[in-house]
Every structure is written in structure tokens, then in C-alpha cells.
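Visitor:
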Amino acid sequence: MPKVDLSQFEFTGHASNLIEDLTTMPQAEKERLIMSGVDVTGVGRSGTFLQTDHNAVHCETHQPGVEMMDIKDALKKYDGLDGYYWTQVDPDKDEFTRAVAENVHGGYFIRVAEGVQVQDPVQSCLLIRANDTGQNVHNVVIVEEGASLHIITGCTVASHDTKGAHLGISEFFIKKNASLTFTMVHNWGENSVVRPRTGGVVEAGGVFQNNYVSMKTVKDLQSYPTIRLAGAGGIARFNSVLVAPPGAYLDTGSRIIMDAPDTRGEIISRTITTGGTIIARGDIQANYVPARGHLECKGLILGKGVIHAIPELRGTVEGVELSHEAAVGKIAQEEIEYLMARGLDEDEATSTIVRGFLNVDIMGLPARLNDAIQKTIEESEKDMF
Amino acid sequence: MLKIENLHVKIGQREVLTGIDLEINAGETYILFGPNGSGKTTLLMTLMGLGNYEVTGGKIWFKGHDITEMPTYERARLGVGMSFQRPPTIHGLSTKHLVRMAAQGRDFDVESMARKVNMESFLDRDVNAGFSGGEIKRSELLQLMAQHPNLLLFDEPESGVDLENMHLIGKTVRTLLEGEIAPRPDCSMREQKEMRSSSGLIITHTGYILDYINADRGQVLYDGHLCCEARPRDILEHIRAHGYQECVRCLN
Ligand SMILES: Nc1ncnc2c1ncn2[C@@H]1O[C@H](COP(=O)(O)OP(=O)(O)OP(=O)(O)O)[C@@H](O)[C@H]1O
Ligand SMILES: [Mg+2]
Chain B
1 MPKVDLSQFE
11 FTGHASNLIE
21 DLTTMPQAEK
31 ERLIMSGVDV
41 TGVGRSGTFL
51 QTDHNAVHCE
61 THQPGVEMMD
71 IKDALKKYDG
81 LDGYYWTQVD
91 PDKDEFTRAV
101 AENVHGGYFI
111 RVAEGVQVQD
121 PVQSCLLIRA
131 NDTGQNVHNV
141 VIVEEGASLH
151 IITGCTVASH
161 DTKGAHLGIS
171 EFFIKKNASL
181 TFTMVHNWGE
191 NSVVRPRTGG
201 VVEAGGVFQN
211 NYVSMKTVKD
221 LQSYPTIRLA
231 GAGGIARFNS
241 VLVAPPGAYL
251 DTGSRIIMDA
261 PDTRGEIISR
271 TITTGGTIIA
281 RGDIQANYVP
291 ARGHLECKGL
301 ILGKGVIHAI
311 PELRGTVEGV
321 ELSHEAAVGK
331 IAQEEIEYLM
341 ARGLDEDEAT
351 STIVRGFLNV
361 DIMGLPARLN
371 DAIQKTIEES
381 EKDMF
Chain G
1001 MLKIENLHVK
1011 IGQREVLTGI
1021 DLEINAGETY
1031 ILFGPNGSGK
1041 TTLLMTLMGL
1051 GNYEVTGGKI
1061 WFKGHDITEM
1071 PTYERARLGV
1081 GMSFQRPPTI
1091 HGLSTKHLVR
1101 MAAQGRDFDV
1111 ESMARKVNME
1121 SFLDRDVNAG
1131 FSGGEIKRSE
1141 LLQLMAQHPN
1151 LLLFDEPESG
1161 VDLENMHLIG
1171 KTVRTLLEGE
1181 IAPRPDCSMR
1191 EQKEMRSSSG
1201 LIITHTGYIL
1211 DYINADRGQV
1221 LYDGHLCCEA
1231 RPRDILEHIR
1241 AHGYQECVRC
1251 LN
């Protein structure tokens, strides 16, 4: 991939007006939001945050125990979020983190109070609307002791060909016995450059579950979230389902560092290319025992494209149990024939197998998001065979 | 129902079936015996039209259609149904969904049918994922019940099955072949039996399945040839007493 030239994007001057009622947004944008898992009616959600271009335009939560605000407000209110802000991601990591450190446009701060179990997910959306926008966001999520939360984040552009750069820092804090499910749906476009930088820490008995879905063309995406299990009994799971249509370039991975005994980590990715490139990384490191980690990386090449699976395991003490399974290939003829023997023609059989491969049931998503994902799969099937 | 004429089949470079002739009538169940490696599974796979099995000569007729070159799914839709011995796992596809698809739009109460073969707790599991030998057999039967084939191809229904499951599988195979026969005011059980239209081709080594079904004819497949046509029970006894060596003599 050629180097990203940030000077091509405008990091100032794209202020947007507040949007009181998201249902008043233009129809085309609403549809892109729905396909990113964001429900503009807010039904079945504990809160909604929307940022367009350079600022937050909508932020509301009616859920007791859930605090949600623009990161800039949180920095003022909580004295720079000392002990949290920039502790999980190094601001000097690369030019993208530096760009956000120098000039943060927004992002969300979400905190769940101790012991509060939030039933309905909180949703957030980061939207690039104006052509050539460079968007710098910084998100901080704190789930206090014994609390639980599901966040659905949709990232998208106003139109599939909107040119934009999204630089996003996310820092997650899962306290003792707390749990965070973070579902991210990427619905970028053929001119989107995307550089998320994500880090998080899970304390004793905490659970972090990350779901990541990206099925549309994205020009250039690179991300490698890292979660550190810092307390005994911590669990981290990453589930990714990625499709790379022609013109897409995704360099993605997940990393789990097991820095305490009795920890478990799991990274599962299913990738399909129909012409694009996917680099599917995964890294599990275990520095304490007992620690069990499993990495599963499966890729299908349908037609053209490249899948490069790079699973890594690193154990530094005796007794760690780490394993991985990686496969890049095609749909097994045996599976197609089996379904044909049940009366499905070749196309039906292929499509059934692909849908199974991309099945996201394991993520436990709300029905409408699940439907949106199924619809996206249906739409991309025409590229597949 | 099924007519096979001088069928030759190659796997890779090797000719495994070297001229098979066989006719199975409507409502008739045919039993196939034969030593390991003689080509029995090959014959079933070829009838289903699966890959790797290359027909190099001869014809297969089903319900009057020449199906020798027909794609697998068309054979299935025409009424050929096979129980796979080692079916693949399909991730992300629930057993329930596959059963529904196998019904091809026919009315089929998946839950209550699953109960009949003790599969109700498997319906939400991925197809064949971690199924034991006996569970695979029951899952295959459930799919075949949904498919409702006119010709049932079954490769070793007994293998890897405990006694209780053998009973369940035997009864289910009988129902698949003969339909549900029960006292009815409008039709005697004997008439019901005569109306049955499903035929079967079943491979067995042990013959346990014969306790459950009516099978009048059978043959031994030996080294790519069929021989020794007789009543299945007689063939079984003959093999038990004398082994397959006798078949060679009979061939010559
Ligand atoms: N894919 C293959 N490649 C090469 N040879 C094969 C292949 N499949 C089957 N064969 C060979 O074809 C012959 C017939 O095999 P087949 O499975 O039909 O035997 P069978 O009669 O079903 O035996 P069994 O009673 O052991 O199930 C065997 O010698 C077997 O090794
Ligand atoms: Mg066999």
C-alpha cells in the first residue's frame, strides 16, 4: 500500500450543526447508518452518540448509570481524564496517533457506574459527510466494577465515494468483574482511509468481547487492537467477519496479552475476498499460567484477491496453552456436493456455505443489526460467484 | 425404478466397477454385500452423481430418465436420496436449516420429525459438527425424511451404531421405504404395503438391517462385478459359512 498522505485531507473547517432528531437526516445517510448497525429511531438502545466530520452532533442517554458525552467535555469535566487518556495507546506510536494527539475533533466518553448492568446497547456512529474531511476522534470507555455494557459503533461515509480519512483512538477500561461487548460495523467506501488505534485493559474477572464486521470496499484500512488481561480470570474474545470486494485493502488483526493467571483469550476471524486484499493478523501472548489462548483464522478466496493470514503465538513461561488454526482456500467441493445431494443447485449450495461461513450468530447482535448484516451479505453475493 | 446397464466406473486411473447390470423395481429393496474395497460405496456415489467417480461406460436409468450425466441436484430432485457415511461438517449452517432446504418446499414439520429420530436437541447445531457416528446416521435419516426420496441409497446403516439406535434406524429406514403403515378405515395394511413406491439399495456387512425391512433380492459385489443373486438372508448365511471365496468360484 502506498503511504497515506494526510496533507490530502482537511483537518479543520468541517463543523456541523447539532441534529436533534436523527430521523430527520437525509434518507441516503440514514440507510448507511442502518447498514452500520445504528438505529436512527433509537428504539432498543440505551443511548445514541453521533459525530459528523469534526464534532458531535447528537448525544443522548436516558439510562441511569450510563454517562455519555463528547470526549472534549469529559476532558474538561474530569480534569483531562488522568490515568485513562492516552494510557492504552501511545500518542507517539505513529503519525496518525500524533495527528489525533495534536488536534482531537471529538469522539465519545462512555462510563457505566459500578454494578450497573445495561440491557440495551449504546450506539455510536462516526460519520464522514464532507468530501476530503480528515476526522480525528478519541473514544474512552470505562466499565466500572461489576458493570456490563454493549456498545455498537458504526463507522461510515455519507456516500460510498466520499473521500475521507478517519483516525480513531479508542481506549477501553474493563474493571473487576465488569464486561464490555464492543461491536464495530465498518461501512466505509472506496475512497476511505481508516486508521483506528485501539488499546484496552481488562482487570480481574473482567470480560471483553469484540465483534468486528466489515463487508464493503474500503480503500485502505489498518488496525490492530490490543487488549491486555491484567487481572486473574480475565477473558478477551475477538470475532471478526470481513469481506474484501475488489478495490478493498484491509490490514487487520487482534492482539491479546495475557498478563495474569487463569486468563483466556480467543481470536476468530473469517475472511472472504472477492477481489480485494486482506491481511488477517492475530497475536496471543501469554506471560502467566494457567493461560489458554486459541487463534482461528479462516479465509476463502472467491474468484480473485489475496488473503494473507499471519497468526502469531508467544508464550514466555512454561505451562501456557496456546494454539492456532489457519486456513486459506476455497469452498470444499465435498460440502457443495453434499448440499447438491439434498437438492440444492450449485449456486444455492455455494451461497449456503458462504452464508454459514459469514454467520455472525455467535456475536449475539440485536435482530435488526443481524438483518442488516444479512442484507449486506446478500448484496455482496453477486461479486462472489 | 432404477436400471443400470454395463456400468464401468473409474476413480483416478483405476477402474473400480467393471460392468455392473442391476435392475430395481418400484417398491423393491435390493441388498448389496461384498468384501471391503470391492466397489459398493463407489456404486452408490456414482448413482448419486458425485465427483471423482468417472463413468467410462454404460448407462443409469431412473424413472425412465437417463441420469448417467445428470448433475447431482437434479437426481436428488428427481427422487434419488442417499445417506452419506462420512458427510462433511458445514460451519454456520444449522441442521434445522438444512433439513428445511432438503424438503424443497414440501410441508415438513421439522421439530416433530426430529423427535422421531431423537434429533430435536441437534437442530440448532451446525450440520455434522462434532456428531458421533450414530448421530450422523440419525441426522442423515432426518434429512432423507424431509427429502422423501423414491430411491433410498444407504451405505452400511449398522456401522458404528449401538443396539438401541439400530432399532431406531431400522424402524426409520422401514418407514422411509414403506411409508407409515397403520390401521386405517379406508385402506387395509396390506393394501397400504402394496401402494408403497420407494425403492432401496442398501449395503450391509452384518445384515442387521434385514430384521427391519422387507428385502427380497440381493447380490454380492466382488472385485467390481455383481454375482450370486439370491435372497439376502441366504446370501448372508452363505457368506457366514463359507466366506467370500465362494463368490470367486461362482463368478468363474
Ligand atoms: N478417491 C479414491 N482414490 C483412489 N482409490 C479409491 C478412491 N476411493 C475409493 N478407492 C478405491 O476403490 C476401491 C473400492 O472402494 P469402495 O469404497 O467402493 O469399496 P467398498 O466396497 O465400499 O468397501 P468397504 O466395504 O470397505 O466400505 C477400493 O480399493 C478403494 O481403495
Ligand atoms: Mg464402503
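So the sequence lines, in the order shown, correspond to chains B and G. Each residue of the first sequence is one higher than the one before, counting from 1 in this note's numbering. Each residue of the second sequence is one higher than the one before, counting from 1001 in this note's numbering. Positions of the beta carbon are idealized from the N, C-alpha and C atoms, including for glycine.
1. In this structure, what does DSSP give as the bridge partners for residue 1073/G?
2. Please determine whether the Cβ atom of residue 1280/G lies at a distance below 8 Å from any heavy atom of ligand 1.
3. How would you list, in chain order, the residues of chain B whose beta-carbon sits under 7 Å from the beta-carbon of residue 1090/G?
4. Between residue 1062/G and chain B, is there a C-beta pair that is closer than 9 Å?
5. Can you list the residues near ligand 2, meaning Cβ strictly closer than 6 Å to any non-hydrogen atom, in the order they appear in the chain?
6. Excluding the 5 residues flanking residue 114/B on each side, which residues of the same chain have their C-beta closer than 7 Å to its C-beta?
7. Is it the case that the Cβ atoms of residue 1106/G and residue 1148/G are separated by a distance below 9 Å?
8. Taking the straight line between their C-alpha atoms, what separation do you get for residue 1142/G and residue 1082/G?
9. Helix, strand or coil: how does DSSP classify residue 311/B here?
10. Comparing the CB of residue 1243/G with every heavy atom of ligand 1, is any distance shorter than 8 Å?
11. I want to verify the contact list: residues of chain B whose CB lies under 8 Å from the CB of residue 1084/G, in sequence order.
12. Under 8 Å: does the beta carbon of residue 1176/G sit that close to some heavy atom of ligand 1?
13. May I ask whether a heavy atom of ligand 1 can be found less than 8 Å away from the beta carbon of residue 1038/G?
14. Would the C-beta of residue 1203/G count as close to ligand 1, meaning under 8 Å from any of its heavy atoms?
15. Nearest to residue 175/B by alpha carbon, out of 74/B, 203/B and 196/B?
16. What's the C-alpha gap between residue 376/B and residue 35/B?
17. If we define contact as Cβ-Cβ less than 9 Å, is residue 73/B a contact residue for chain G?
18. Measuring only the C-alpha atoms, how far is residue 54/B from residue 199/B?
19. So residue 129/B and residue 169/B are in contact, right, with Cβ under 8 Å, and what is the actual spacing, rounded?
20. Any C-beta of chain B sitting closer than 9 Å to the C-beta of residue 1104/G?
21. Between which two residues does the beta strand (DSSP E) holding residue 1005/G run?
22. CB-CB under 6 Å to residue 253/B, same chain, minus the five flanking residues each way: which ones, in chain order?
23. State buried or exposed for residue 1233/G, treating a residue as buried only when at least 16 other CB atoms are found within 10 Å of its CB.
24. Tell me, please, whether the segment 265-282 of chain B touches the segment 342-358 of chain B by the rule of three or more beta-carbon pairs shorter than 8 Å.
25. Where residue 64/B and residue 328/B are concerned, what is the direct C-alpha to C-alpha distance, given to the nearest angstrom?
26. Whose Cβ in chain D lies nearer than 9 Å to the Cβ of residue 1101/G?
27. What residues are listed by DSSP as bridge partners for residue 298/B?
28. Rounded to the nearest angstrom, what separates residue 183/B and residue 241/B at their Cα positions?
29. Do you know offhand how far residue 284/B's Cα is from residue 29/B's?
30. Helix, strand or coil: how does DSSP classify residue 365/B here?
31. Can you tell me where the beta strand (DSSP E) holding residue 278/B begins and where it ends?
32. Can you list, in chain order, the stretches of the beta strand (DSSP E) that have 3 or more residues and sit fully within the segment 63-131 of chain B?
33. Any idea what DSSP makes of residue 1163/G, helix, strand or coil?
34. Hey, would you say the C-beta of residue 1220/G is under 8 Å away from at least one heavy atom of ligand 3?
35. How many angstroms separate the CA atom of residue 1043/G from the CA atom of residue 1205/G?
36. Go ahead and pull the three-state DSSP assignment for residue 29/B.
Guide: According to the structure data:
1. Start at 1 with the first residue of the second sequence, and residue 1073/G comes out as number 73. Beta-bridge pairing links residue 1073/G to no other residue.
2. Lying outside 1001 to 1252, the shown extent of chain G, residue 1280/G is not represented and no answer is given.
3. Residue 1090/G sits at position 90 when you count from the first residue of the second sequence. Within chain B, the residues near residue 1090/G are 335, 353 and 356.
4. As a position in the second sequence, residue 1062/G is number 62, starting the count at 1. Not an interface residue.
5. This criterion selects 1040/G, 1041/G and 1155/G.
6. Here residue 114/B is taken as the residue at index 114 of the first sequence, counted from 1. Close CB contacts of residue 114/B within its chain, under the 7 Å cut and outside five residues either way in sequence, are with 144, 145, 146 and 147 (chain order).
7. As a first step, residue 1106/G must be located in the second sequence, where it is residue number 106. As a first step, residue 1148/G must be located in the second sequence, where it is residue number 148. With respect to the 9 Å criterion, residue 1106/G and residue 1148/G are classified as neighbours on the basis of their beta carbons.
8. As a working mapping, residue 1142/G is identified with position 142 in the second sequence. As a working mapping, residue 1082/G is identified with position 82 in the second sequence. For residue 1142/G and residue 1082/G, the distance between alpha carbons rounds to 12 Å.
9. Reading the first sequence from its first residue, position 311 is the one you call residue 311/B. The answer is strand: DSSP assigns residue 311/B an E or B state.
10. Position 243 of the second sequence, counted from the first residue, corresponds to residue 1243/G. Shortest gap from the CB of residue 1243/G to any heavy atom of ligand 1: 8 Å or more.
11. The residue given as residue 1084/G occupies position 84 in the second sequence. Going along chain B in sequence order, the residues near residue 1084/G (Cβ under 8 Å) are 338 and 341.
12. Residue numbering aside, residue 1176/G sits at position 176 when the second sequence is read from its first letter. Outside the cutoff, so no.
13. Within the second sequence, numbered from 1, the residue matching residue 1038/G stands at position 38. Yes, since a heavy atom of ligand 1 falls inside the 8 Å radius drawn around the Cβ of residue 1038/G.
14. Residue mapping note: residue 1203/G aligns to position 203 of the second sequence, counting from 1. Yes - ligand 1 has a heavy atom lying nearer than 8 Å to the Cβ of residue 1203/G.
15. Here residue 175/B refers to the residue found at position 175 of the first sequence. It is 203/B whose Cα lies nearest to the Cα of residue 175/B.
16. Your numbering for residue 376/B matches position 376 in the first sequence. Your numbering for residue 35/B matches position 35 in the first sequence. Each residue's Cα considered, the two are about 7 Å apart.
17. Counting from one through the first sequence, the residue named residue 73/B turns up at place 73. Taking Cβ atoms only, chain G never reaches closer than 9 Å to residue 73/B, which makes this a no.
18. For the purposes of this step, residue 54/B is identified with residue 54 of the first sequence, where counting begins at 1. For the purposes of this step, residue 199/B is identified with residue 199 of the first sequence, where counting begins at 1. Spanning the two alpha carbons is a distance of roughly 23 Å.
19. Here residue 129/B refers to the residue found at position 129 of the first sequence. Here residue 169/B refers to the residue found at position 169 of the first sequence. Residue 169/B and residue 129/B do not touch by the CB rule: their CB atoms are close to 21 Å apart, not below 8 Å.
20. Residue 1104/G sits at position 104 when you count from the first residue of the second sequence. Look at residue 1104/G: its C-beta is under 9 Å from a C-beta on chain B.
21. For this step, residue 1005/G is matched to residue 5 along the second sequence. Looking at the DSSP string, the run of the beta strand (DSSP E) that includes residue 1005/G is 1002-1011.
22. Counted from its first residue, the first sequence places residue 253/B at position 253. The residues are 224, 281 and 282.
23. Within the second sequence, the letter at position 233 stands for residue 1233/G. Exposed: under 16 other Cβ atoms inside 10 Å.
24. A contact exists between the segment 265-282 of chain B and the segment 342-358 of chain B.
25. As a position in the first sequence, residue 64/B is number 64, starting the count at 1. As a position in the first sequence, residue 328/B is number 328, starting the count at 1. Using only the alpha carbons, I get a separation of about 47 Å.
26. Considering every chain present, this structure includes no chain D. Its protein chains are B and G.
27. What you label residue 298/B is simply residue 298 of the first sequence in a count that begins at 1. Answer is 270/B and 327/B.
28. As a first step, residue 183/B must be located in the first sequence, where it is residue number 183. As a first step, residue 241/B must be located in the first sequence, where it is residue number 241. Using only the alpha carbons, I get a separation of about 11 Å.
29. For the purposes of this step, residue 284/B is taken as residue 284 along the first sequence, with counting starting at 1. For the purposes of this step, residue 29/B is taken as residue 29 along the first sequence, with counting starting at 1. Cα-Cα distance, rounded: 38 Å.
30. Walking along the first sequence from the start, residue 365/B turns up at place 365. DSSP places residue 365/B in coil when its eight states are reduced to three.
31. Taking the first residue of the first sequence as 1, we reach residue 278/B at position 278. For residue 278/B, the enclosing beta strand (DSSP E) has its first and last residue at 277-286.
32. Qualifying beta strand (DSSP E) stretches, in chain order: 66-70, 108-112 and 122-128.
33. Your numbering for residue 1163/G matches position 163 in the second sequence. Three-state result, residue 1163/G: helix.
34. Among the ligands present in this structure, namely ligand 1 and ligand 2, ligand 3 is not found.
35. Within the second sequence, the letter at position 43 stands for residue 1043/G. Within the second sequence, the letter at position 205 stands for residue 1205/G. Computed Cα separation, rounded: 16 Å.
36. Residue numbering aside, residue 29/B sits at position 29 when the first sequence is read from its first letter. Looking at residue 29/B - three-state DSSP - the assignment turns out to be helix.
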